[in-house]
Amino acid sequence: MSQELIDGLLAAIPMPAVLVDQTERFIAANVEGITLLGPQIVGRHFATILRQPGVTTAIETCLLDRQPRTARHLSNDGAQDTTFEVTLRYVPGVGAVKGGAVLVCFADITDRETVGQMRRDFVANVSHELRTPLTALMGFIETLRGAARDDPNARDRFLGIMEGEASRMNRLVGDLLSLNRVESEERVRPKERIDLVEHLKSTIKSLEPLATSGGTSLTLEAPDTPVDIPADADQIQQVFTNLIENGLKYGGENVSVTLTVLERDPALRCPAVRVQVIDDGPGINPVHLPRLTERFYRADNHRSRELGGTGLGLAIVKHIINRHRGRLRVESDLGKGATFTVILPQ
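Residue numbers (my numbering): 44 to 389.
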């Protein structure tokens, strides 16, 4: 087989591919392979380029017994780590004295690995979030059956704590179901049109008791005319209920939470409306802002649990806004409050 034909066949493979013959040197590589492993690799010993033991061992063994092999190759493009699944197949009749060679192909499986890690992290986080209240419930049940069986005061106190822990689990399960439902509908754009201002007024009215109990002022600055947008009414209410509740709960006592509605936001290349939820509370350390919408991420882990947070609220908000083809921006500094901006196309 001529070198021209070998090069042509490797060029037709839509992934990084190289050919190693019995001299243990690269005899051909396609453009993708050169991009991955570096220029001028043809003619060099494979061990000087592929220095990962799993890959080098697989090539050596394949050259000896001519059996298919797989291995894993880790790389870094300067921005992120990349994982490749390496497939090795023996090709007879090519290379030095036509002694045969090993075709080595690199399939990028980084996305698959990332999804797998996300799934493992999610399961670990859910298990951790459920284990804490379950452990508390089991401990109090054991106490009520033993030492506190005949103590009415202790029994009432423990039952109150157990009720709180059960409510926490119920909120977590509810948020998990809500997140799953939102993710399943994320690619389906809503078609119903709603008056955003009316829904914001309804949301604020439902949260007024929470604001009053915390000594917080809750105001809406919006146009007097209707602001129509294509949206799922329940999901939009869920977004702003979550954002306003966060401002009320984490802003502290005697703060103000303000909603402002402005049409014609320039951030989207179409008519859009911008809603800002602004509080003058203690603010959020900027180091936390890039990760706020991650599942179970909390800027203040202990305080969030104390206030009944599940760590899923902003993740749900992000997915709902994605479904509406909108954007979410968060701006904050310690001691300067926080501003959550939701931009929705009209």
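For glycine and all other residues, C-beta sits at the position ideal for the given N, C-alpha and C.
Just so it is clear, the structure is predicted and the values come from calculations on it, not from any experiment.
Cβ atoms of residue j and residue i: under 8 Å apart, would you say?
i: residue 304; j: residue 240; result: yes
i: residue 134; j: residue 146; result: yes
i: residue 212; j: residue 183; result: no
i: residue 411; j: residue 187; result: Residue 411 is absent from the model: the chain starts at 44 and stops at 389.
i: residue 370; j: residue 232; result: no
i: residue 62; j: residue 70; result: yes
i: residue 250; j: residue 302; result: no
i: residue 73; j: residue 101; result: no
i: residue 341; j: residue 326; result: no
i: residue 57; j: residue 76; result: no
i: residue 259; j: residue 298; result: yes
i: residue 261; j: residue 279; result: no
i: residue 387; j: residue 276; result: no
i: residue 264; j: residue 366; result: no
i: residue 215; j: residue 253; result: no
Could you give the C-beta distance for residue i and residue j, rounded to a whole number, given that I count them as a contact under 8 Å?
i: residue 112; j: residue 131; result: 4 Å
i: residue 357; j: residue 332; result: No, residue 357 and residue 332 are not in contact; Cβ-Cβ is about 11 Å, not under 8 Å.
i: residue 225; j: residue 359; result: 6 Å
i: residue 282; j: residue 238; result: With a Cβ gap of about 16 Å, residue 282 and residue 238 do not count as contacting.
i: residue 273; j: residue 307; result: No, residue 273 and residue 307 are not in contact; Cβ-Cβ is about 16 Å, not under 8 Å.
i: residue 329; j: residue 256; result: Actually they are not in contact, since the Cβ atoms of residue 329 and residue 256 sit about 30 Å apart, beyond 8 Å.
i: residue 117; j: residue 124; result: 7 Å
i: residue 65; j: residue 106; result: 6 Å
i: residue 463; j: residue 99; result: Outside the shown range of the chain (44 to 389) lies residue 463, about which nothing can therefore be said.
Secondary structure at residue i, three-state DSSP: helix, strand or coil?
i: residue 235; result: coil
i: residue 279; result: helix
i: residue 293; result: helix
i: residue 247; result: helix
i: residue 113; result: strand
i: residue 337; result: coil
i: residue 170; result: helix
i: residue 261; result: strand
i: residue 79; result: helix
i: residue 377; result: coil
i: residue 323; result: coil
i: residue 52; result: helix
i: residue 221; result: helix
i: residue 96; result: helix
i: residue 179; result: helix
i: residue 353; result: coil
i: residue 186; result: helix
i: residue 164; result: helix
i: residue 195; result: helix
i: residue 407; result: Outside the displayed range of the chain (44 to 389) lies residue 407, so it cannot be described from this structure.
i: residue 255; result: helix
i: residue 203; result: helix
i: residue 137; result: coil
i: residue 212; result: helix
i: residue 328; result: coil
i: residue 267; result: coil
Which partner residues does residue i have in the DSSP bridge list?
i: residue 118; result: 125
i: residue 390; result: Because the chain here runs from 44 to 389, residue 390 falls outside it and cannot be looked at.
i: residue 88; result: 68
i: residue 317; result: 305 and 386
i: residue 229; result: Bridge partners of residue 229: none, in fact.
i: residue 132; result: 146
i: residue 273; result: 236
i: residue 370; result: 386
i: residue 63; result: 69 and 145
i: residue 299; result: 260
Taking the alpha carbon of residue i as the point to measure from, which residue in the options has its own alpha carbon closest?
i: residue 140; options: 187, 45, 79 and 53; result: 45
i: residue 21; options: 107, 326 and 126; result: Residue 21 lies beyond the range of the chain shown here (44 to 389); nothing can be said about it.
i: residue 137; options: 68, 150, 97 and 191; result: 68
i: residue 164; options: 337, 360, 389 and 365; result: 337
i: residue 119; options: 153, 382, 144 and 109; result: 153
i: residue 322; options: 381, 192 and 362; result: 381
i: residue 384; options: 364, 377 and 293; result: 364
i: residue 222; options: 65, 173, 324 and 362; result: 362
i: residue 178; options: 157, 208 and 51; result: 208
i: residue 266; options: 234, 210, 317 and 217; result: 317
i: residue 379; options: 389, 295, 313 and 339; result: 295
i: residue 219; options: 115, 172 and 189; result: 172
Give a single yes or no on whether residue i has its beta carbon closer than 7 Å to a heavy atom of the ligand HEM.
i: residue 180; result: What this structure holds is no ligand at all, so the ligand HEM is not there to describe.
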